[in-house]
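Numbers 32 to 122, taken from my numbering, label the letters of the sequence shown in order. C-beta: ideal position from N, C-alpha, C; glycine also. For reference, the structure is listed below as structure tokens.
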Amino acid sequence: MTPDIAQTVALQSAAFIFQEDEIRDRFMALSGVDVDDIRARIQDPAFLASVLEFLVNFEPDLMACAETLGEKPETLVTAWRALGGGEGQDW
Numbered sequence: 032m033t034p035d036i037a038q039t040v041a042l043q044s045a046a047f048i049f050q051e052d053e054i055r056d057r058f059m060a061l062s063g064v065d066v067d068d069i070r071a072r073i074q075d076p077a078f079l080a081s082v083l084e085f086l087v088n089f090e091p092d093l094m095a096c097a098e099t100l101g102e103k104p105e106t107l108v109t110a111w112r113a114l115g116g117g118e119g120q121d122w
């Protein structure tokens, strides 16, 4: 997967998170970001990797996001890895 495609998947995943109040609030609480941080970092590949990592770490959210995007969950995991997520974690 190219970095551009991975970023697109991550941006779509971020949109999913931010449209779901409960998921958004949990993401913000666990990551420690606020709205200003999100606006400032939304194009940062490391931030986008953290968005995908949040989903990868909780399967029900990963599955819901993948379904909403019309993607396989594996696509989100592949995008996460393409953005540098999971380095050193070879499953």
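Please identify the residue among the options whose C-alpha is closest to the C-alpha of residue i.
i   : options                : result
P91 : P104, V82, S81 and L79 : P104
A41 : E84, R57 and D56       : E84
Q50 : L100, V108 and F78     : L100
F78 : M59, F89 and L93       : M59
Q43 : C96, A113 and G116     : C96
From which residue to which residue does the alpha helix (DSSP H) around residue i run?
i    : result
V82  : P76 to V87
M94  : E90 to L100
E53  : D52 to S62
T109 : P104 to A113
Using beta-carbon positions only, say whether residue i and residue j come within less than 8 Å of one another.
i    : j   : result
A45  : V87 : no
W111 : A80 : yes
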